[in-house]
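Residue numbers (the working numbering): 118 to 553.
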């Protein structure tokens, strides 16, 4: 979740009992908030659905969680920006008989009718069924009764399959049947049209955790949030450790020292340049070289993952290939992609472990951050234009910065009023001076 900056994650087939859940909270409670609904008969043996929130990326205050069907459906009411509430249902649908699937979706519909539960902004998870034949590599049609029961529940809230809406003609799958290599897109996220309009990056990706399911994800934004830029560019760690970069910075640093010495000796005119301008040039050169090197030393594993992913997508959408040919080719690609993801994840874990070993017992910034839970950033969503009637607001971050900047500049220009006449104060001081 930290690596991919995931704020809300739903998990299915968790097999978590109370003891396991307590252990997770002890290990990761500073970063994560975990809500779990276990199977009532066999908590650690089957079923289970969970919702995980990362405290660094999303709010965890005022959360409401309600168990709808134990081990199968868990409802989240999540306070979002301003007074908004994001209502989401995490689902792990049965994988058994068609009748079992029909009963599950009908049960959800009945509970919403009888309990007056809130309208959903979305639901998602392992649904163990598909709506369209294109979502199975085999092309097999879903049972009509299962599809009807599912659609009856979905239509209660007028929800839309987000990934399919963004990828209308594409074929991709989230689940692999290990026995025969068959694939299907049974893991999906549905949202309202309003949320869909303000979402992006609908993706199906591999997880660094070994599993037969892929991860489906999206980014949902609040349209009333201010414009937020890319932030301040930072030289990547991999560049800072590069021998080529260290060598070039050292050479540029020696040239900077030489220029400063010549400036101090009077060999360079100080009318147009100064130590500060030379230092700025040095920093600009360091940044330019860092960007240039960064493009060359992007981890080979990431480049290979992108390359294999494009090849995989091309094969799945090639109608000239038979189902059997696609399975053979994609199986090999998936295995390679999975190994690369695991390798990157293991490397990241090693860095985290080494950082903890070096800094967890020292009074460092790392040590200080360990003592308090991470908090998501608080954004100023809008700012009022000064002297406007009726009051007008802007959410454009550039305009907001200018308004705040002008306000503080005007404060600096105004003469402070301490309630004392200037001439009276001057006269009083002179009298005291003359008296001594």
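A virtual CB, placed ideally from N, CA and C, is assigned to each residue, including glycine.
In the DSSP annotation of this structure, residue 508 is not part of any alpha helix (DSSP H), being labelled neither H nor E. Proximity to residue 318 across 270, 122, 154 and 406 peaks at 122, based on C-alpha coordinates.
The three-state reading of DSSP puts residue 462 in helix, counting H, G and I together. Note that the region 145 to 160 does not touch the region 227 to 234; fewer than 3 beta-carbon pairs, one per stretch, sit closer than 8 angstroms.
According to the DSSP assignment, residue 269 belongs to the alpha helix (DSSP H) that extends over 261 to 272.
Taking the Cα positions, residue 127 is about 13 angstroms away from residue 330.
With respect to the 7 angstroms criterion, residue 168 and residue 193 are classified as neighbours on the basis of their beta carbons. One Cα belongs to residue 364, the other to residue 321, and the distance between them is close to 41 angstroms. Looking only at 336, 266 and 327, the smallest Cα-Cα distance to residue 283 is reached by 336. Distance from the CA of residue 213 to the CA of residue 164, rounded to the nearest whole angstrom, comes to 12 angstroms.
Excluding sequence positions up to five before and after residue 258, its CB lies within less than 8 angstroms of the CB of 250, all in the same chain and listed in chain order. For residue 517, the number of other beta carbons within 10 angstroms of its own is at least 16, and it is reported as buried. Listed in chain order, the non-local C-beta contacts of residue 161 below 6 angstroms within the same chain comprise 132 and 134, local neighbours out to five positions each way being set aside. Assigned with DSSP and collapsed to three states, residue 438 falls in coil, not helix or strand. A straight-line Cα-Cα distance of about 8 angstroms links residue 385 and residue 376. Taking every protein chain shown into account, the CB of residue 350 has fewer than 16 other CB atoms within 10 angstroms, so this residue is exposed. In this chain, the alpha helix (DSSP H) harbouring residue 417 covers 417 to 433. Following the DSSP letters along the chain, one finds residue 227 in no beta strand (DSSP E) but inside the alpha helix (DSSP H) bounded by residues 215 to 232. In the structure shown, residue 301 falls within a strand segment according to DSSP collapsed to helix, strand and coil.
Here the alpha carbon of residue 315 sits roughly 6 angstroms from the alpha carbon of residue 338. Counted as a single uninterrupted DSSP element, the stretch harbouring residue 352 is not any beta strand (DSSP E), since DSSP gives it neither H nor E.
Here residue 182 is bridged, per DSSP, to 193. Per DSSP, the continuous alpha helix (DSSP H) segment holding residue 145 begins and ends at 135 to 145. The alpha carbon of residue 473 has as its nearest neighbour, out of 486, 551 and 461, the alpha carbon of 486.
Look at the beta carbons and you see the region 408 to 424 touching the region 459 to 467: at least three pairs across the two are nearer than 8 angstroms. When Cβ pairs closer than 8 angstroms are counted between the two stretches, the region 440 to 451 is seen to touch the region 424 to 432, the count reaching three or more. Per DSSP, the unbroken beta strand (DSSP E) holding residue 241 starts and ends at 239 to 243. For residue 278, the beta-bridge partners assigned by DSSP are 307. Pairing residue 238 with residue 305, the inter-Cα distance amounts to about 14 angstroms. Sixteen is the threshold: when 16 or more other Cβ atoms of the shown chains lie within 10 Å of the Cβ of residue 247, as they do, the residue is buried. Beyond the five residues adjoining it in sequence on each side, residue 359 comes within less than 8 angstroms, by CB distance, of 410 and 414 in the same chain, given in chain order.
No Cβ-Cβ contact shorter than 7 angstroms links residue 437 with residue 254. For residue 399, the secondary structure class from DSSP, reduced to helix, strand or coil, is helix. Residue 156 and residue 188 do touch by the CB rule: their CB atoms are close to 4 angstroms apart, below 8 angstroms. Here residue 405 is exposed, its C-beta having fewer than 16 other C-beta atoms within 10 Å. The closest CA to that of residue 423, considering only 392, 196 and 455, is found on 455.
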